[in-house]
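Numbering (the working numbering), first residue to last: 621 to 687. Below is one structure, written out as structure tokens; comments come after it.
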């Protein structure tokens, strides 16, 4: 999956399967990701503000130009 220039402000993702996803130019502000699988995901130019990542798998994730 590829999410480009997406506003995920206030998103609630529980047990989401987003492995190998590409998030580019995305806002993750006040987001709540619990038990999500983001392994191997690529985050490019992503704004992280007040994000809860409880039990989230970020193994192999790449963060570039993330705030």
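Virtual Cβ for every residue (Gly too), placed ideally from N, Cα, C.
Query                                                                                                                                                       : Result
So what does DSSP say about residue 627, is it helix, strand or coil?                                                                                       : strand
Less than 6 Å between C-beta atoms, sequence neighbours within five positions excluded: which residues of the same chain meet that for residue 637?         : 657
Can you check DSSP and say which residues form a bridge with residue 633?                                                                                   : 653
Go to residue 688, then tell me how far its beta strand (DSSP E) extends in each direction, as first and last residue.                                      : Within the shown structure, residues of the chain are numbered from 621 to 687, placing residue 688 beyond reach of any answer.
In this structure, how does DSSP classify residue 662 when only helix, strand and coil are distinguished?                                                   : strand
Keeping to the same chain, check which residues put their C-beta closer than 7 Å to that of residue 685; ignore five residues upstream and five downstream. : 664, 665
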